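Okay, structure first, notes after.
Chains as they are written, first to last, in the working numbering: chain E, 493 to 902; chain Y, 16 to 120.
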């Protein structure tokens with residue numbers, strides 16, 4: 493019996509496990525996933541939860557419901573991987589041998605890596621919305637916030653869902669407007685990048701949103717220290733920003749075992765060939781989703797498009813064929829802009845977000861780089877598709893490769 | 016494609032003024048770009064950072080962000096912000112003649 497072992501049963505790991513268990517001969521191959529969590533969290537829903545627009549129960553399912561019953565699920569954390577011996581050591585000290593390994597262990601926020609972030613202000617005036625616990629606690633804080641300085645910041649890149657902090661700012665603007673208290677709230681968005689929008693076309697088309705919504709942007713602000721009690725964020729070059737409520741997107745890192753096993757880079761992400769998804773310099777090891785170091789966004793849509801390439805390459809590895817370099821960095825992301833509208837961006841390694849329609853040229857129904865209510869409905873509808881189509885590994889009728897059809901250079 | 020002249024050499028640049036032909040970069044070009052970008056002199060620590068940025072970009076296919084520069088060059092984060100003020104990822108890339116680090120939007 494040969495073993496395909498998949499570390500992590502998030503979006504990427506679950507899709508790959510479900511597809512491979514159907515594809516492989518079950519008399520010859522066992523598909524095992526390793527994940528210590530008994531629930532599967534729908535991460536895109538965390539953006540809405542702090543505004544009272546989601547209940548926790550809608551965002552989690554028991555993991556058993558998301559995995560094909562033929563997949564063997566080890567409810568363990570990964571301790572280490574020995575790529576020479578081709579074994580994975582689990583947190584109960586047992587070992588799992590692999591013939592093919594897929595690392596899909598994602599990425600976590602690391603508030604501990606910024607001085608002072610986990611000090612007295614943590615979850616009193618300093619919150620994250622990238623964890624279920626953080627989003628729930630932030631919901632309470634937002635409910636009690638009647639006025640003052642709301643500061644939203646990104647500590648450093650890469651982060652999961654790079655647009656989410658900006659979406660949060662847009663939704664916060666709408667939230668306070670609805671409550672009739674917007675004039676008493678100052679919303680500031682602080683980023684280490686040189687703008688809220690860094691791509692020229694997106695910046696030109698969407699920059700007005702910030703002005704219209706009265707959101708101040710602090711550019712090139714690299715947060716080095718948080719003082720939750722005093723309500724102050726300080727940058728590495730000595731600038732400071734005051735806040736009454738801080739919503740922070742902390743530094744992200746890959747899973748701990750990656751660093752422990754000598755596999756990860758400076759943030760624990762695993763060096764990965766950007767088109768084939770093979771782990772660099774390693775035989776029989778692949779990486780997918782937020783765990784890689786490829787220059788694609790850390791987003792669910794990217795994991796989905798990567799899975800097309802990875803599943804094909806795993807099948808080729810099983811058959812002893814050469815791998816194909818087919819992944820193009822494609823990402824496809826809804827961006828909530830508040831008031832029941834959203835925009836959609838579609839891009840890849842080589843092409844920045846361009847205006848147009850998606851997925852059908854001229855027809856859409858989604859408009860690229862343009863706000864619409866249809867886009868917002870699309871984002872909401874996606875949750876159903878996620879649980880019932882994407883995770884089970886059913887075919888989703890959009891091409892894996894980014895297409896220039898329906899797009900135009902402005 | 017627009018061009019700029021640094022240290023007597025005419026080079027193609029993108030819409031934000033980053034060199035598009037990394038192979039034509041020289042240390043004299045770097046010094047001229049640095050002056051224009053508000054860094055009047057390049058000392059030993061500057062060059063450690065610049066040399067790392069060039070070799071890492073060649074190896075990885077993408078320009079390093081500040082943390083990676085700190086880990087790879089041995090220069091501390093605090094020093095990096097003094098050597099290349101405000102946005103070191105972007106400023107280092109500009110002086111080192113490598114592409115601007117990319118974000119999605």
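Don't be surprised by glycine CBs; every beta carbon is placed ideally from N, CA and C.
Values in this document were obtained by computation on a predicted structure and should not be read as measured data.
Give me, in chain order, the residues of the same chain whose beta-carbon lies closer than 6 Å to that of residue i; leave out the 5 immediate sequence neighbours on both sides.
i, result
"residue 603(E)", "609, 610, 742"
"residue 104(Y)", "80, 81, 116"
"residue 112(Y)", "34, 37, 40"
"residue 714(E)", "684, 727, 728"
"residue 890(E)", "851"
"residue 637(E)", "737"
"residue 86(Y)", "none"
"residue 674(E)", "668"
"residue 587(E)", "579, 581"
"residue 885(E)", "507, 510, 511"
"residue 696(E)", "none"
"residue 591(E)", "494, 495"
Enumerate in chain order the residues of its own chain whose CB-to-CB distance from residue i is below 8 Å, with the five nearest sequence positions on each side excluded.
i, result
"residue 562(E)", "513, 518, 523"
"residue 613(E)", "718, 719, 720, 721, 723, 738"
"residue 45(Y)", "57, 65, 110, 111, 112"
"residue 554(E)", "530, 531, 532"
"residue 663(E)", "539, 540, 543, 828, 830"
"residue 90(Y)", "60, 63, 64, 84, 98"
"residue 833(E)", "863, 864, 865, 867, 868"
Tell me residue i's beta-bridge partners as DSSP assigns them.
i, result
"residue 186(Y)", "With chain Y running from 16 to 120 in the structure shown, residue 186(Y) is simply not present."
"residue 128(Y)", "Look at the range of chain Y in this structure, 16 to 120, and you will see that residue 128(Y) is not part of it."
"residue 838(E)", "824(E)"
"residue 64(Y)", "According to DSSP, which records beta bridges pairwise, residue 64(Y) is partnered with nothing at all."
"residue 847(E)", "Beta-bridge pairing links residue 847(E) to no other residue."
"residue 593(E)", "497(E), 777(E)"
"residue 725(E)", "718(E), 733(E)"
"residue 557(E)", "DSSP, once it has assigned bridges, lists no residue as partnering residue 557(E)."
"residue 830(E)", "833(E)"
"residue 573(E)", "580(E)"
"residue 680(E)", "643(E), 708(E)"
"residue 588(E)", "580(E)"
"residue 601(E)", "744(E)"
"residue 739(E)", "619(E), 644(E)"
"residue 799(E)", "None; residue 799(E) has no bridge partner."
"residue 809(E)", "Beta-bridge pairing links residue 809(E) to no other residue."
"residue 607(E)", "717(E)"
"residue 771(E)", "764(E)"
"residue 852(E)", "856(E)"
What is the DSSP secondary structure of residue i, counted as helix, strand or coil?
i, result
"residue 713(E)", "coil"
"residue 692(E)", "helix"
"residue 744(E)", "strand"
"residue 35(Y)", "coil"
"residue 546(E)", "coil"
"residue 865(E)", "helix"
"residue 754(E)", "coil"
"residue 42(Y)", "helix"
"residue 858(E)", "strand"
"residue 766(E)", "coil"
"residue 734(E)", "strand"
"residue 566(E)", "strand"
"residue 791(E)", "coil"
"residue 899(E)", "strand"
"residue 888(E)", "coil"
"residue 784(E)", "strand"
"residue 107(Y)", "helix"
"residue 128(Y)", "The question about residue 128(Y) has no answer, for chain Y in this structure spans 16 to 120."
"residue 814(E)", "coil"
"residue 686(E)", "coil"
Which same chain residues, not among the five before or five after residue i, have their C-beta less than 7 Å away from its C-beta?
i, result
"residue 894(E)", "820, 822, 838, 839, 840, 843"
"residue 723(E)", "617, 734, 735, 736"
"residue 589(E)", "495, 578, 579"
"residue 902(E)", "693, 847"
"residue 937(E)", "Because chain E here runs from 493 to 902, residue 937(E) falls outside it and cannot be looked at."
"residue 647(E)", "606, 715, 740, 741, 742, 743"
"residue 779(E)", "595, 762, 764, 769, 771"
"residue 626(E)", "619, 620"
*At least three beta-carbon pairs within less than 8 Å, the stretch 673-685 of chain E to the stretch 555-572 of chain E*: These segments do not touch.
*Can at least three beta-carbon pairs, one atom from the stretch 18-27 of chain Y and one from the stretch 852-860 of chain E, be found at a separation below 8 Å?*
The stretch 18-27 of chain Y, when compared against the stretch 852-860 of chain E, does not touch it at the 8 Å Cβ threshold.
_Inside the stretch 611-675 of chain E only - beta strand (DSSP E) runs reaching at least 3 residues_ = Fully enclosed beta strand (DSSP E) runs of 3 or longer: 640-646.
*Inter-stretch contact (C-beta, 8 Å, three-pair minimum) for the stretch 82-92 of chain Y and the stretch 743-759 of chain E*: Yes, the stretch 82-92 of chain Y is in contact with the stretch 743-759 of chain E.
*asked:* As an exercise, report each continuous beta strand (DSSP E) stretch of at least 3 residues that is fully enclosed by the stretch 495-555 of chain E, in chain order.
replied: For the stretch 495-555 of chain E, the full-length beta strand (DSSP E) segments reaching 3 residues or more read 521-526, 531-533, 552-554 along the chain.
*Indicate whether the contact test is met: 3 or more Cβ pairs, each with one atom in the stretch 540-551 of chain E and one in the stretch 587-597 of chain E, closer than 8 Å.*
As far as the Cβ criterion goes, the stretch 540-551 of chain E does not touch the stretch 587-597 of chain E, which means the pair count is below three.
_the stretch 780-791 of chain E / the stretch 756-765 of chain E touching (three or more Cβ pairs under 8 Å)_ = Contact check between the stretch 780-791 of chain E and the stretch 756-765 of chain E: three or more CB pairs, one atom from each, fall below 8 Å, which counts as touching.
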